[in-house]
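In the working numbering, the protein residues as written are 844 to 1466. What follows is a set of notes on a single structure, which appears directly below.
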C-alpha cells in the first residue's frame, strides 16, 4: 500500500513540477529559493536545562556556544515539547507526524507480552508497537517524493529488524553506528584510543589551560552527516541527524574536555570508573557529552556557512537550509546509582509526563525565520512534519494530511506574534501526552492547555492540576502546588479532564490493565478468565481456546504471534523475539476465542481482558 501511495505521490509532484517550469524560472529571477534543504538535529535525552539556551535560576556549568549561536540565527522556542517522555515514541511522532497514542508507539522496546513490571505492580502496561506501521507515510517519504535526497545518521530505535530499518521509511542513506559514543569499562582512562584520533583543529571551550581551545576525537556520526551534506549539495536534501548522545553510557573519549569540566567544577580528575553520585549538574562526563554534541552542531553549521549552494548561485548553504534542533525528551536524571543531571526547576525527568520529562530545547533557523527571537508559545515536535511540508512546498494526499497531529509553524517562524492554526484557521487549544508505562506511579496521561496542566494518574484514576504560568509569566513550572482540591478551579478540572478524555479517545489510546496476581486488586481478581482447552487446526490454521465457565465475562482479546529474528538480519547478530498483535473472534455464548495463524508464524498466545479490566495471558502454543 505504501509503495502504491508513494508512486502516485511522485507522479502528482512530477506533473506539478513540469507544469510550473516557467514559474520556477520566474522564482529564480527573484532570487527566491527553490526547495530549501532541511536538517533535523536531534539530541538524545538533552534536558531543557542542560544547555545555556533556556538557562533559568541556577546557571548550567555546561558550555554550549554553538547552540546559543544557532538561536541568534533564528527562533528559540521556550515552551517546546516532545510528543512523549521517551525516545522511540517521540522519534516515531516526529517522522510520522502522528501522536504516539494514535500509532500505539508509546514507549521503547515494545511488541512484547504484556506482564507486570514486578511483583509490586498493580497495573500491567498494554501491548504497544515497537515500530511505525508499514503504511505510514513518513516525513522522509514525503520529501523523497518531492525530489529530496534523504539521509539518516545516528540513532534509529524504531524497530529491531531489517523490515523496520530507515531505508524502509523513506531514507536513501543511513548510518546507525555510535561513533565516538561507544561504551568503556575504564571511562576514566580510555582516551588515547586509536579508533578515535584527535583533530588537528582546535575548538571551544577555551580556558587558561587551553587558550586556543581543545582537540576532539573523531566522531563518525558527525563525519557521516558532513559527508552526506557535501555529497548531496547539488540537489535538495533532508538530513535527520539523530545523535546517540547524551544518552547512557555516560562516557567521553575527550580527556581535555573532561578535565575542563573537572577543573570548572573544582573536583579531582577521576581515578576510577565509579558512578558520579553528587547531586545537581555535577557529572563531568555528562558535561563533556553535552559540549561534544554542541561541537558537532558547530561543525555542521560551519560547513553550511563555508559551502556554496550550487542550486542557488551567490548563496551559501546556511542561507538555503532550515535547521530544527531539539531533543527527543527531557533529561535523564539518573541511571542506577549514577546521577546524570538535574532538570530543576522542572520536576522529574525522562519517563515522566511532568515538565522535566517532556519540555525540551528547540531552535529553528532558516531562510524565512526571524533572527534572534524568543517565542513563548506552546509548540510540539509533531508540528515539524506539516511545517517542513510547507517550507519545502511538498504536498501529500489529503487523506494522509488529515492524519497529521501537528500544526504548520511557518507563519510563526516569520512573525513570532502570529499564532499557528489548523488548516481551517482554528487555533490549537492544547497538547497532550499518553504514557501508560513503567511503574504504577509513572503511568500517566497529561494535557497542557493555556496556563494549566492536568495529569491523569492511571494507578487510581485521580488527577493533579498545576498552573504553570499566570498572565504570561512563570508561576509554577515546578509543579509543586497541586490545585486539584481548590473549589475555584473545579470548572478548569472539569473542562481539561473532558478535553483529555476526548483526545485520548480520538487517538485510540490504549490503557493499563489490572494485575490479577496482586492482592490489593480485590477478590474479583480470582475470577479472571481461565483456559479450559486449546486447539489448532493445521489445515485451516485456526487457533482456538475454550474458557472455563463461571468466570468474569470477557471484554477484549487478541492474539500475539511470535517473531524471532536477528537484528538487521545479519549473521552473528543479536536475536530478538517480538510479537505481532492480530484480532480474534469472541463467541461469548460458547466461551470460545479463535484466530487465524498465518503460515510464517509457528508460535502464538492469546491475551484476555475481562470486564473488570484484569489482563491474563495464555500459555504459548505451537502451530
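Note that CB positions come from ideal geometry on N, CA and C, so glycine has one too.
Distance between residue j and residue i (C-alpha atoms, nearest Å)
i, j, result
"residue 1396", "residue 1427", "16 Å"
"residue 1407", "residue 1462", "17 Å"
"residue 1339", "residue 1312", "16 Å"
"residue 978", "residue 1042", "44 Å"
"residue 1128", "residue 1086", "16 Å"
"residue 1322", "residue 1197", "8 Å"
"residue 1304", "residue 1362", "19 Å"
"residue 919", "residue 1373", "56 Å"
"residue 1319", "residue 1292", "14 Å"
"residue 909", "residue 895", "10 Å"
"residue 1095", "residue 905", "14 Å"
"residue 924", "residue 1380", "50 Å"
"residue 1011", "residue 1067", "20 Å"
"residue 893", "residue 1365", "44 Å"
"residue 1137", "residue 1103", "15 Å"
"residue 883", "residue 1105", "32 Å"
"residue 998", "residue 1249", "23 Å"
"residue 1459", "residue 1451", "5 Å"
"residue 1118", "residue 1336", "43 Å"
"residue 1269", "residue 1181", "46 Å"
"residue 1098", "residue 1403", "49 Å"
"residue 1419", "residue 1425", "19 Å"
"residue 1214", "residue 911", "12 Å"
"residue 1399", "residue 1289", "25 Å"
"residue 1163", "residue 1221", "27 Å"
"residue 1120", "residue 1140", "29 Å"
"residue 1135", "residue 1206", "18 Å"
"residue 1276", "residue 1017", "30 Å"
Cβ neighbours of residue i in the same chain (closer than 7 Å, five flanking residues each side left out)
i, result
"residue 1375", "1389, 1390, 1391"
"residue 1177", "1183"
"residue 1223", "924, 926, 1249, 1274"
"residue 891", "897, 1173, 1186, 1189, 1202, 1203, 1204"
"residue 1193", "888, 928, 929, 1172, 1173, 1174, 1175, 1200"
Coil, strand or helix - residue i by DSSP
i, result
"residue 992", "strand"
"residue 1103", "helix"
"residue 1426", "strand"
"residue 1151", "strand"
"residue 1073", "helix"
"residue 1253", "helix"
"residue 1287", "strand"
"residue 880", "strand"
"residue 1400", "strand"
"residue 1458", "strand"
"residue 1217", "strand"
"residue 1409", "strand"
"residue 1310", "strand"
"residue 1453", "strand"
"residue 1234", "helix"
"residue 1263", "coil"
"residue 1247", "coil"
"residue 1085", "strand"
"residue 1025", "coil"
"residue 1269", "coil"
"residue 1203", "strand"
"residue 1274", "strand"
Same chain only: Cβ atoms within 6 Å of residue i, ignoring 5 sequence neighbours per side
i, result
"residue 1455", "1367, 1395"
"residue 1327", "1306, 1307, 1308"
"residue 1234", "1165, 1253"
"residue 933", "925, 926, 927, 1171, 1172"
Contacting residues, own chain, Cβ-Cβ under 8 Å from residue i (five flanking each side not counted)
i, result
"residue 1377", "1386, 1387, 1388, 1389, 1461, 1462, 1464"
"residue 921", "897, 1217, 1218, 1219"
"residue 964", "1282, 1283, 1358, 1361"
"residue 1300", "1284, 1286, 1287, 1306, 1307"
Which parts of the segment 1331-1383 are runs of the beta strand (DSSP E), unbroken and 3 residues or longer, counting only runs that do not cross its ends?
1374-1380
Taking contact to mean 3 or more Cβ pairs, one atom from each stretch, closer than 8 Å, check whether the segment 1065-1084 and the segment 1144-1162 are in contact.
yes
Indicate whether the contact test is met: 3 or more Cβ pairs, each with one atom in the segment 1365-1383 and one in the segment 966-983, closer than 8 Å.
no
Below 8 Å, how does it come out for the segment 1013-1028 and the segment 1057-1064: are there three or more Cβ pairs, yes or no?
yes
Taking 8 Å as the cut-off, does the segment 1136-1145 touch the segment 1199-1206 (at least 3 CB pairs, one atom from each stretch)?
no
Could you check whether the segment 1267-1287 touches the segment 947-954, counting it as contact only if at least three pairs of C-beta atoms, one from each stretch, sit closer than 8 Å?
yes
What are the start and end residues of each continuous beta strand (DSSP E) run of 3 or more residues lying completely inside the segment 1107-1138, in chain order?
none
Sufficient close CB pairs (3 or more, under 8 Å) joining the segment 1221-1235 to the segment 1252-1265:
yes
Validate contact between the segment 983-994 and the segment 1235-1243 using beta carbons, cut 8 Å, 3 pairs:
yes
In the segment 918-961, which residue ranges form an unbroken beta strand (DSSP E) of at least 3 residues, counting only runs that do not cross its ends?
918-924
Is the segment 1047-1055 touching the segment 1112-1129, taking contact as three or more C-beta pairs under 8 Å?
no
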